[in-house]
Each structure stands twice: as structure tokens, then as C-alpha cells.
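Each remark here refers to the structure printed beneath this line.
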Amino acid sequence: WQDCITLFLQTGMCCDAAIITNSPPWLLASYPEGNLFQLTQEEIQILLAREGREKLFLQGITLAGTKCLLIRDNLYTEGNNTMDLRTKGQSRGSQAVTVVQIESVYLVVMGQKGTEGGPLNLKAFEMAGYIKEAIH
């Protein structure tokens, strides 16, 4: 999984990435110089819960201690399986975050400052396709 993280960061669009799952060990791989390696079990469980997802729009979500606004939630929509968030309340400006489901694991990527959510989502979805092909 660490190779996937390295590959994704080489696109130049991302500044951080992690691969998570909804059961222990929760965090499978992450960028050691980023923040997502600090994702907690509780944050991951809230992010990936299938029940009560509508409250994420109201309350937002915390990832590695950073508050995020939920922009679009298609994580459990067949054929899409992505989720778009944006960090908030940071003096250095907000950043786009995309989560994409790849079978039983999830890729979480944070865009560089200035990277919009749409292109980040497309790149994450594209990378998920490559990873799916590599698995099979």
C-alpha cells in the first residue's frame, strides 16, 4: 500500500495521502511527512460509517485533528464511491480532500493548496481504477 501512496504523491496534485480500512489496523499506509498518519480509529469509523451519514453534512468531520466540511458524499453510491471534503478554519487557506473506496480499503488524499476538489476527485478516482486493476 505504501507504493500507492508514493505514486499518488508523485502526481504533484496532492500533499498528503493515506489508505484506511473499516477494521483493525484501520490505517494501512500513509505519507510520513503528512498529517493523515495521525488519523484515529474514531475518525475513521465516523468517516466510513454507513448509518447516519446525513449528520456529517451538518456537523462536519475531523480527519487527523483537522475539521473538514462535507461537500459531496457518494462514498457508498455504486459506480462513484467517492466523497469530497474541504478543510476549514486554517489560516493558510482550505484544502480539498477526497476519499475513494477501492473494494475493502479507502484512499484518502489531500490536495495541494490551490487544487480544486473536482480535479482531485477525478485523479483519485483514476488512481483507484489502477489500484483495482493491480489487485485483480
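Using the numbering used here, read the sequence shown as starting at 9 and increasing by one per residue. Built from N, CA and C at the ideal position, the CB exists for glycine as well.
How would you write the range of the alpha helix (DSSP H) that Gly125 sits in, first residue to last? Translated into positions along the sequence shown, residue 125 becomes position 117. Counting along the chain, the alpha helix (DSSP H) containing Gly125 begins and ends at 125 to 143.
Excluding five sequence neighbours on each side, which residues of the same chain lie with their C-beta closer than 7 Å to the C-beta of Asp11? One-based indexing of the sequence shown puts residue 11 at position 3. Correct list: empty, nothing qualifies.
Length-filtered (3 minimum) beta strand (DSSP E) runs lying within the region 12 to 63: 22 to 29, 35 to 38
Whole-angstrom Cβ separation of Leu115 and Met135, contact assumed at under 8 Å? In the sequence shown, residue 115 corresponds to position 107, counting from 1. In the sequence shown, residue 135 corresponds to position 127, counting from 1. About 7 Å; that satisfies the 8 Å criterion.
DSSP on Gln120, reduced to helix/strand/coil? The sequence position of residue 120 within the sequence shown is 112, counting from 1. Note: Gln120 maps to coil in three-state DSSP.
Excluding the five sequence neighbours on either side, which residues of its own chain have a C-beta within less than 7 Å of the C-beta of Ser112, listed in chain order? Residue 112 sits at position 104 when you count from the first residue of the sequence shown. Here the set comprises Thr29.
Option in Glu124, Ile27, Gln120, Gly20 with minimal Cα separation from Phe45: The count along the sequence shown starts at 1 and reaches residue 45 at position 37. Considering only alpha carbons, the answer is Ile27.
In this structure, does DSSP put Gln109 in helix, strand or coil? Working through the sequence shown from its first residue, we reach residue 109 at position 101. Correct three-state label for Gln109: strand.
List the residues that DSSP assigns as beta-bridge partners of Leu78. Start at 1 with the first residue of the sequence shown, and residue 78 comes out as number 70. Looking at the DSSP assignment, Leu78 forms a beta bridge with Leu93.
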